[in-house]
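A.B. asks: In terms of my numbering, the sequence shown is residues 7 to 450. Cβ atoms here follow ideal geometry from the backbone N, Cα and C, with glycine treated the same way.
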Amino acid sequence: MKLAFVENRYKTLFWEALADELAMLGCSVIWIVQNPVFTPRRDNVYIMPFPRRAELSVDNAVSGLDHLRRADRNINYFSGNDRHYAYYQRLINAWLDRERPDLVVGESTLFHELLMIECCRERGIPYLHPSMPGYPGGRYSVYIYDSKETLGQSADTPTAQECLALAEAIRKRERVPDYMQAPSAETDAPAYHAPRSLSDRLIILRGYLSGERFNTPAPWRKVWLDLGVKRRLKDWAQIARRPSDHAPGVRYALYPLQMQPEANLDVWGQRFQDQAQLVIQLADALPDGWHLLVKANPKSKYELSPALMDALRNHPRVSAVALSEPMGSVLKRTSLVCTVTGTVAVECVLSGIPLVQFGPGVVTPGVGCAFAEEPSHVGDIASSIDRGTFRLADDSDRIELVKRLYTTSYPGKVSDPMHTPGVMASTNMRLVALNLFEVARTCK
Numbered sequence: 007m008k009l010a011f012v013e014n015r016y017k018t019l020f021w022e023a024l025a026d027e028l029a030m031l032g033c034s035v036i037w038i039v040q041n042p043v044f045t046p047r048r049d050n051v052y053i054m055p056f057p058r059r060a061e062l063s064v065d066n067a068v069s070g071l072d073h074l075r076r077a078d079r080n081i082n083y084f085s086g087n088d089r090h091y092a093y094y095q096r097l098i099n100a101w102l103d104r105e106r107p108d109l110v111v112g113e114s115t116l117f118h119e120l121l122m123i124e125c126c127r128e129r130g131i132p133y134l135h136p137s138m139p140g141y142p143g144g145r146y147s148v149y150i151y152d153s154k155e156t157l158g159q160s161a162d163t164p165t166a167q168e169c170l171a172l173a174e175a176i177r178k179r180e181r182v183p184d185y186m187q188a189p190s191a192e193t194d195a196p197a198y199h200a201p202r203s204l205s206d207r208l209i210i211l212r213g214y215l216s217g218e219r220f221n222t223p224a225p226w227r228k229v230w231l232d233l234g235v236k237r238r239l240k241d242w243a244q245i246a247r248r249p250s251d252h253a254p255g256v257r258y259a260l261y262p263l264q265m266q267p268e269a270n271l272d273v274w275g276q277r278f279q280d281q282a283q284l285v286i287q288l289a290d291a292l293p294d295g296w297h298l299l300v301k302a303n304p305k306s307k308y309e310l311s312p313a314l315m316d317a318l319r320n321h322p323r324v325s326a327v328a329l330s331e332p333m334g335s336v337l338k339r340t341s342l343v344c345t346v347t348g349t350v351a352v353e354c355v356l357s358g359i360p361l362v363q364f365g366p367g368v369v370t371p372g373v374g375c376a377f378a379e380e381p382s383h384v385g386d387i388a389s390s391i392d393r394g395t396f397r398l399a400d401d402s403d404r405i406e407l408v409k410r411l412y413t414t415s416y417p418g419k420v421s422d423p424m425h426t427p428g429v430m431a432s433t434n435m436r437l438v439a440l441n442l443f444e445v446a447r448t449c450k
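1. Count the other C-beta atoms from every protein chain shown that fall within 10 angstroms of the C-beta of LEU233, then say buried if there are 16 or more, exposed otherwise.
2. Can you have a look at GLU309 and say buried or exposed, based on whether 16 or more other CB atoms are within 10 angstroms of its CB?
3. Please classify SER325: is it buried, with 16 or more other beta-carbons within 10 angstroms of its beta-carbon, or exposed?
4. Measure the alpha-carbon distance for ILE286 versus ARG410 and round it to whole angstroms.
5. When the Cα atoms are used, what is the spatial distance from CYS126 to PRO142?
6. Which term fits SER330, buried or exposed, when burial requires 16 or more other beta carbons within 10 angstroms of its beta carbon?
7. Rounding to the nearest angstrom, what Cα-Cα distance links ARG404 and ALA173 in this structure?
8. Would you report the Cα separation of TYR16 and ASP422, rounded to the nearest angstrom?
9. List in chain order: all unbroken beta strand (DSSP E) runs of 3+ residues lying wholly within the region 351-434.
10. Apart from the five residues just before and just after THR340, which ones in its own chain have a Cβ nearer than 8 Å to its Cβ?
11. When the Cα atoms are used, what is the spatial distance from ILE376 to VAL362?
12. Measuring CA to CA, which of CYS354, ALA246, GLY372, ALA23 is closest to VAL420?
13. Where does ALA246 land, buried or exposed, given buried means 16+ other C-beta within 10 angstroms?
14. Which of helix, strand or coil does DSSP assign to TYR94?
15. Should ASP184 be labelled buried (16 or more other beta-carbon atoms within 10 Å of its own) or exposed?
16. Opposite PHE11 in the DSSP bridges: which residues?
17. Could you check how far apart the C-beta atoms of THR349 and GLY275 are, in whole angstroms? I think they sit under 8 Å.
18. Taking a contact to mean a Cβ-Cβ separation below 8 Å, would you say GLU61 touches ASN41 in this structure?
19. Output the distance between the C-alpha atoms of TRP226 and TYR214, rounded to the nearest integer angstrom.
20. When burial is assigned at 16 or more other CB atoms within 10 Å of the CB, is GLN281 buried or exposed?
21. Using only the alpha-carbon positions, how far apart do PRO457 and CYS33 sit?
22. So who's on the other strand from ARG247, going by DSSP bridges?
23. Please list, in chain order, all residues of the same chain as GLY367 whose beta carbon is under 6 Å from its beta carbon, the five residues on each side excluded.
24. Using the three-state DSSP reduction, which class does ALA439 fall into: helix, strand or coil?
25. Do you know whose CA, among VAL111, ASP294, ASP88, lies nearest ASP152's CA?
26. Taking Cβ to Cβ, would you say VAL35 is nearer than 8 Å to LEU28?
27. Who are the near neighbours of VAL256 in its chain, counting only those whose CB is closer than 8 Å to its CB and skipping five residues on each side?
28. Please list the segments of the beta strand (DSSP E) lying wholly inside the region 113-167, counting only runs of 3 or more residues, in order along the chain.
29. Report the three-state DSSP secondary structure of ARG79 (helix, strand or coil).
30. At the level of alpha carbons, what is the spacing between THR222 and ARG76?
31. Give me the Cα-Cα distance between ARG248 and ALA378, rounded to the nearest whole angstrom.
32. For a quick check, are the C-beta atoms of VAL51 and ARG212 less than 8 Å apart?
33. State the Cα-Cα distance for the pair GLY144 and PRO417, rounded to the nearest angstrom.
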């Protein structure tokens, strides 16, 4: 089986170790690289040269890729453009036709990965995106192309009693998502410099100075954007309402902000990626007697836009939750939670909190979860809660959801070693490789 890996900054270090394990299982591995600073020290590597200025003509714009443009973080947040798409598309197409891999492994976040996905889809080449969902923890799912459709079906499902125990642990917030846990290093996992450290910044700067301007913003723009986030967090702290500020007799809906840039919104939940607009639409749709609370993401970034801050300050039915208030406290006074693709969906169904979801996820429409095509539909859902007709999940529904969390994921952790050094432990790498190999065999 011939596998191709797509470079993704520090995630490439993980891909390298994973590729070594897959090679021992009989796979041949090739590589394609957009940012040469992160070139793997392996054989069969193709580094796409940066385009010359003449190759970035407006005339080279590619049609039919509007969804890619809307997902491109360089366009959305860093004032980039799409003039390089046609150039890279030609290189990727030529490479795929020349190498003919059986399948491609990568993320679905950066522009060259999204272009690769389109080129693979045209040729019927499976593109696998291994990624860790928030729950049940210590496991990863394999998504196909740029969707949240999972591949394969794991057989290591716990018993009904164990599933119910996990549901209770999540409801009591004794179990939190993997991304909220402190990084853990294992004995045989190598150490890496920390994110945003001087070493990290110098590596990213080296790539930018060498010509990588398509996924990497100008350093001064990045500094300016990060200062804006800090300034808005200070503003948030000033305008946020404490629990004691809330009026009695009012029902509260909650919208937890999702971090951007992230595939969760920019790719999978793209229709709702303007979270400022979504907040306003949700507040406007709620019936009389309801108020919308907005909670900041623990890792807030560019979703804290000026438009969002204006809504928090000025909309009469929108309030910011204090940054220091934990999610468990907010959920206790919440009658409805709204999300696009957030992990909070699992928490709500397992905790008996009414949920409305707009994007794809492991939680399916049914008891405990209402799917809405438009934010305006939230009004009807809130009214059903007022009438007492919104059905919540019982224990059998909760057990079924936990089982689904397991059947759609596999043991092992997938991440870049900068944020999660333990993923590079040999035991974890072997586990991930064995499971991915089995999934890959079903796709061949």
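C.D. replies: Taking the coordinates as given:
1. What you label residue 233 is simply residue 227 of the sequence shown in a count that begins at 1. By the neighbour-count criterion, in which 16 or more other beta carbons inside 10 Å mark a residue as buried, LEU233 falls on the exposed side.
2. What you label residue 309 is simply residue 303 of the sequence shown in a count that begins at 1. Around the beta-carbon of GLU309, 16 or more other beta-carbon atoms lie within 10 Å, marking it buried.
3. Taking the first residue of the sequence shown as position 1, residue 325 is located at position 319. SER325 sits buried, since 16 or more C-beta atoms from the chains shown fall within 10 Å of its C-beta.
4. Looking up residue 286 in the sequence shown gives position 280. Looking up residue 410 in the sequence shown gives position 404. Near 33 Å, if we compare the C-alpha coordinates of ARG410 and ILE286.
5. Here residue 126 refers to the residue found at position 120 when the sequence shown is read from its first residue. Here residue 142 refers to the residue found at position 136 when the sequence shown is read from its first residue. So the alpha carbons of these two residues sit roughly 31 Å apart.
6. Within the sequence shown, numbered from 1, the residue matching residue 330 stands at position 324. Looking at its Cβ environment, which holds fewer than 16 other Cβ atoms inside 10 Å, SER330 is exposed.
7. One-based indexing of the sequence shown puts residue 404 at position 398. One-based indexing of the sequence shown puts residue 173 at position 167. Spanning the two alpha carbons is a distance of roughly 7 Å.
8. For the purposes of this step, residue 16 is taken as residue 10 along the sequence shown, with counting starting at 1. For the purposes of this step, residue 422 is taken as residue 416 along the sequence shown, with counting starting at 1. In this structure, the CA atom of TYR16 is about 6 Å from the CA atom of ASP422.
9. You should have 361-363, 375-377.
10. Taking the first residue of the sequence shown as 1, we reach residue 340 at position 334. Excluding positions up to five away in sequence, the list reads TYR258, ALA259, LEU260, LEU299, ILE359.
11. Residue mapping note: residue 376 aligns to position 370 of the sequence shown, counting from 1. Residue mapping note: residue 362 aligns to position 356 of the sequence shown, counting from 1. The sequence given here has Ala at residue 376, not Ile. Rounded to whole angstroms, ALA376 to VAL362 spans 5 Å at the Cα level.
12. Counting from 1 along the sequence shown, the entry for residue 420 is found at position 414. Of the listed residues, the one whose Cα sits closest to VAL420 is ALA23.
13. Locating residue 246 in the sequence shown gives position 240, counting from the first residue. By the neighbour-count criterion, in which 16 or more other beta carbons inside 10 Å mark a residue as buried, ALA246 falls on the buried side.
14. Mapped onto the sequence shown, residue 94 falls at position 88. Looking at TYR94 - three-state DSSP - the assignment turns out to be helix.
15. If you number the sequence shown from 1, residue 184 lands on position 178. Its Cβ being crowded by 16 or more others within 10 Å, ASP184 is buried.
16. Here residue 11 is taken as the residue at index 5 of the sequence shown, counted from 1. In the DSSP output, where bridge partners are listed per residue, PHE11 has TRP37, VAL111.
17. Translated into positions along the sequence shown, residue 349 becomes position 343. Translated into positions along the sequence shown, residue 275 becomes position 269. Not confirmed; about 13 Å, so no contact.
18. In the sequence shown, residue 61 corresponds to position 55, counting from 1. In the sequence shown, residue 41 corresponds to position 35, counting from 1. By the CB criterion at 8 Å, GLU61 and ASN41 fall outside the cutoff.
19. As a first step, residue 226 must be located in the sequence shown, where it is residue number 220. As a first step, residue 214 must be located in the sequence shown, where it is residue number 208. Just so you know, the alpha carbons of TRP226 and TYR214 end up roughly 12 Å apart.
20. Position 275 of the sequence shown holds residue 281. Burial check for GLN281: the Cβ neighbour count within 10 Å reaches 16 or more, so the residue is buried.
21. Nothing can be reported for residue 457, as the shown portion of the chain is limited to 7 through 450.
22. Taking the first residue of the sequence shown as position 1, residue 247 is located at position 241. BP columns for ARG247 point to VAL327.
23. Numbered from its first residue, the sequence shown carries residue 367 at position 361. So the list reads THR347, ALA351, once near-sequence residues are dropped.
24. By 1-based counting over the sequence shown, the position of residue 439 is 433. DSSP places ALA439 within a helical segment (H, G or I) once states are collapsed to three.
25. Residue 152 sits at position 146 when you count from the first residue of the sequence shown. A check of alpha carbon separations from ASP152 across VAL111, ASP294, ASP88 identifies VAL111 as the nearest.
26. Position 29 of the sequence shown holds residue 35. Position 22 of the sequence shown holds residue 28. In this structure, VAL35 sits near LEU28, with a CB-CB distance shorter than 8 Å.
27. Stepping through the sequence shown from its first residue, residue 256 is reached at position 250. Once the five neighbours on either side are set aside, the close Cβ partners of VAL256 are GLY295, TRP296, HIS297.
28. Taken in chain order, the complete beta strand (DSSP E) segments of 3 residues or longer contained in the region 113-167 are 133-137, 145-150.
29. By 1-based counting over the sequence shown, the position of residue 79 is 73. Per DSSP, reduced to three states, the secondary structure at ARG79 is helical.
30. Along the sequence shown, one-based indexing puts residue 222 at 216. Along the sequence shown, one-based indexing puts residue 76 at 70. Looking at the two C-alpha atoms, the distance is approximately 17 Å.
31. In the sequence shown, counting from the first residue as 1, residue 248 sits at position 242. In the sequence shown, counting from the first residue as 1, residue 378 sits at position 372. So the alpha carbons of these two residues sit roughly 30 Å apart.
32. Position 45 of the sequence shown, counted from the first residue, corresponds to residue 51. Position 206 of the sequence shown, counted from the first residue, corresponds to residue 212. No; because the gap between Cβ atoms is not below 8 Å, this pair is not in contact.
33. Indexing the sequence shown from 1 puts residue 144 at position 138. Indexing the sequence shown from 1 puts residue 417 at position 411. About 6 Å.
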